[in-house]
Amino acid sequence: MALRARLLSALVVFWSLPLRAEPDRPLEIAEDPEQPTQVGYHGGDAPPPSHPRRRGHFPEGLFLPVGLGVAGAAHPNLPTAVSFGAEASVVAFPVGHGNWVGAYSDLYLEPKNELTRASLGLEAGFIFIGVDGGLLMQASESGTHWGGVVRPMFTLGFLSVFARWGWLKGDEDFREIGCLVKFPIHLMELDLDEPPPAPPAPRR
44 MALRARLLSA LVVFWSLPLR AEPDRPLEIA EDPEQPTQVG YHGGDAPPPS HPRRRGHFPE
104 GLFLPVGLGV AGAAHPNLPT AVSFGAEASV VAFPVGHGNW VGAYSDLYLE PKNELTRASL
164 GLEAGFIFIG VDGGLLMQAS ESGTHWGGVV RPMFTLGFLS VFARWGWLKG DEDFREIGCL
224 VKFPIHLMEL DLDEPPPAPP APRR
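Once you know that position 84 of the sequence shown is 127 in the working numbering, the rest is easy, because the numbers rise by one and skip nothing.
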């Protein structure tokens, strides 16, 4: 009985001792879920140079989108025809915003009516919706004519759907509805100021 009592008292003393724990770690505060973070990289590290930085869902930097397009072209007196061509642009995606600005150039052929059109101008947009426009040149059997063009567009991924209206001095106006597939080439990062962080939500 005495041995059993001593063993029981030893167990009580052992369990009453504090367990040896690891040193206290500093309190880690979770990031604000409303604040944008680097997407696709761990620990907030900057992405490798071959990848454009991201803030939220939008890429950052200067890009060279190139692609091919096809459209249906309508004229007041000429028959409706298919036009196709190529386009290249230089576009800047400011840090932390969904807006973009740039410049473009394109060349379209309309074989049925023996027309060749080229335009050069500026473009701007916000997220998926944009518009471009500028100087237009059209060459045909009647000569070379100059004018202007404007084109609203809706972009989702690599595909853009557009409607374009062109005015030419001394030649017929035209309208186009078509689509454009463009592949962006990342050229460089842009050192732009980041927007201020959003204020914390008020406590209730």
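Just so you know, even glycine gets a beta-carbon here, dropped at the ideal spot from N, CA and C.
In the structure shown, the three-state DSSP call for K225 is strand. If you ignore the 5 residues before and after E153, its C-beta comes within less than 6 Å of the C-beta of A116, A124, S126, all in its own chain and listed in chain order. By the Cβ rule, the region 105-121 counts as touching the region 131-149, because three or more pairs are nearer than 8 Å.
Spatial neighbours of V224 in its own chain (CB-CB distance under 7 Å, excluding positions within 5 residues in sequence) are listed in chain order as G110, L111, F201, L202. Every beta strand (DSSP E) of 3 residues or more that sits fully in the region 166-199 is shown, in chain order, as 172-183, 186-199.
The residue among R160, G173, G191 with its C-alpha nearest the C-alpha of E184 is R160.
Between S162 and V192, the CB-CB gap stays under 7 Å. Excluding five sequence positions before and after L211, the CB atoms of its chain that fall closer than 6 Å to its own CB belong to Q181, H188, G190, given in chain order.
Between G128 and L150, the CB-CB gap stays under 7 Å. DSSP places N142 inside the beta strand (DSSP E), whose first and last residues are 142-153.
Taking W143 as reference, the option from F217, E157, D175, L121 with the minimal CA-CA separation is D175.
For C222, same chain residues with a beta-carbon under 8 Å away, outside a window of 5 residues either side, are G112, V113, A114, L202, S203, V204, F205 in chain order. Counting along the chain, the unbroken beta strand (DSSP E) around L211 starts and ends at 202-211. Nearest to R218 by C-alpha distance, out of H229, P195, L230, L233, is P195. E103 is not bridged by DSSP to any residue.
For E130, the uninterrupted beta strand (DSSP E) segment begins and ends at 124-136.
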